[in-house]
Amino acid sequence: MPADDVVEDFASFREYKTWYRVIGDLKSGKTPLVVVHGGPGCTHDYLESISDIAATGRAVVFYDQLGNGRSTHLEEARPDFWTVDLFLEELDNLLDHLGIRQRYNLLGQSWGGMLGSEHAVRQPEGLNGLIIANSPSSMKAWVEGCLELRTKLPQETQDALARHEADGSYDHPDYQAASQVFYERHVCRLQPMPDFVKRTFDWIDRDPTVYHTMNGPTEFHVVGTLKDWTVVERLHRVQAPTLVISGAYDEATPRTVREFADRIPGAVWEVFEESSHMPHVEEQGAYMAVVADFLARLDSKGEFR
Numbered sequence: 612m613p614a615d616d617v618v619e620d621f622a623s624f625r626e627y628k629t630w631y632r633v634i635g636d637l638k639s640g641k642t643p644l645v646v647v648h649g650g651p652g653c654t655h656d657y658l659e660s661i662s663d664i665a666a667t668g669r670a671v672v673f674y675d676q677l678g679n680g681r682s683t684h685l686e687e688a689r690p691d692f693w694t695v696d697l698f699l700e701e702l703d704n705l706l707d708h709l710g711i712r713q714r715y716n717l718l719g720q721s722w723g724g725m726l727g728s729e730h731a732v733r734q735p736e737g738l739n740g741l742i743i744a745n746s747p748s749s750m751k752a753w754v755e756g757c758l759e760l761r762t763k764l765p766q767e768t769q770d771a772l773a774r775h776e777a778d779g780s781y782d783h784p785d786y787q788a789a790s791q792v793f794y795e796r797h798v799c800r801l802q803p804m805p806d807f808v809k810r811t812f813d814w815i816d817r818d819p820t821v822y823h824t825m826n827g828p829t830e831f832h833v834v835g836t837l838k839d840w841t842v843v844e845r846l847h848r849v850q851a852p853t854l855v856i857s858g859a860y861d862e863a864t865p866r867t868v869r870e871f872a873d874r875i876p877g878a879v880w881e882v883f884e885e886s887s888h889m890p891h892v893e894e895q896g897a898y899m900a901v902v903a904d905f906l907a908r909l910d911s912k913g914e915f916r
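Just so you know, we're using the numbering used here here: the sequence shown kicks off at 612 and counts up by one.
Listed below in structure tokens is the structure:
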């Protein structure tokens, strides 16, 4: 995209600032795509490949959620400050700031898909289409799936994870190394990770406040405020056409992704056979083709079946 087709700025939110980037023209005539990153506690960086969608003439909006990346950091905030409702309010505020609340598409990845589903069950009038990518429908099912995947790791890796979880030494090099074995199988199978993906992990290392508070110390040791979260019994309320995405090796295992596909009326489920948690990186071309086709069908028919 030419430099003049990229706008970066801040949206005022309460007394804070939400950083955002718009690639393309929000008034192009095609419904814009708002991309919601994962975590909680990540940044938009690892999703930058989705900017490929802008080549179809559709504006793509990225943002860093409060507490992360280029948005306002609040390391001293109490745990009860970081709620689902806070991030839903921030998303609504951004839609209003950009003037697109009346018509937009939403793509949420991992935690972003959890947030997207929470947004969609409230039946916002302007939500044109929803993409839930690599997301759990409940944290209980997420943890159960991750623990099952752990049983298939080398025994020495399982032992290292269990040993250091028992005494809380999550920063120990052996625990970090064991976690990396899991990540390379079930988070991003493309190694080495692209720089734009690594930037997100670097941001988390600099300020893990949101991740540690809401999730916990690792992907599969969820002890934060989201540990009991579920949207399963409310998914029937989603009215927007929905595309569900996951990877064959995904840490978001079929047992939790399936609820989206089964309970959201008319939802379509696409599995990327060579990917884990980041098919937008691991199978970038195929992923963008699927997403672009879904959005184009919404433009032409107002539905996707």
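Even for Gly, the Cβ is constructed at its ideal location relative to N, Cα and C.
Every value quoted in this text rests on a predicted model; they were computed, and no experiment measured them.
CA-to-CA, the gap between residue 805 and residue 700 works out to about 32 Å.
Contact fails between the segment 751-771 and the segment 733-742, because fewer than three Cβ pairs, one in each stretch, are under 8 Å apart.
Distances from the alpha-carbon of residue 830 to those of 730, 796, 851, 664 put 796 closest.
Residue 627 and residue 637 have their alpha carbons spaced roughly 24 Å apart. The beta-carbon distance between residue 618 and residue 646, rounded to whole angstroms, is 15 Å. This is too long to meet the 8 Å contact definition.
Membership of residue 624 in the beta strand (DSSP E) is indicated by the continuous run 617-624. Rounded to whole angstroms, the separation of the alpha carbons of residue 911 and residue 835 is 42 Å. Excluding its 5 nearest sequence neighbours in each direction, residue 810 has C-beta neighbours in its own chain below 6 Å: 656, listed in chain order. Annotation: residue 623 to residue 899 spans about 31 Å, alpha carbon to alpha carbon. For residue 650, the closest alpha carbon among the candidates 878, 818, 903 is that of 818. For residue 834, there is no enclosing beta strand (DSSP E), as DSSP gives it neither H nor E. Of the other Cβ atoms in all chains shown, fewer than 16 fall within 10 Å of the Cβ of residue 780; this residue is therefore exposed.
Counting the other CB atoms within 10 Å of its CB gives residue 690 a total below 16, which places it among the exposed residues.
Taken through DSSP and simplified to helix, strand or coil, residue 862 comes out as coil. Within 10 angstroms of the beta-carbon of residue 680 lie 16 or more other beta-carbons, which makes it buried.
Buried is the label assigned to residue 894, since at least 16 other Cβ atoms lie within 10 Å of its Cβ.
Using a Cβ-Cβ distance cut-off of 8 Å, the segment 695-709 and the segment 726-734 are in contact, since at least three pairs of beta carbons, one from each stretch, lie closer than that value. When secondary structure is reduced to three states using DSSP, residue 881 falls in the strand class. Between residue 674 and residue 642, the gap from beta carbon to beta carbon reaches 8 Å or more. Here residue 682 is not near residue 719, since their CB atoms are 8 Å or more apart.
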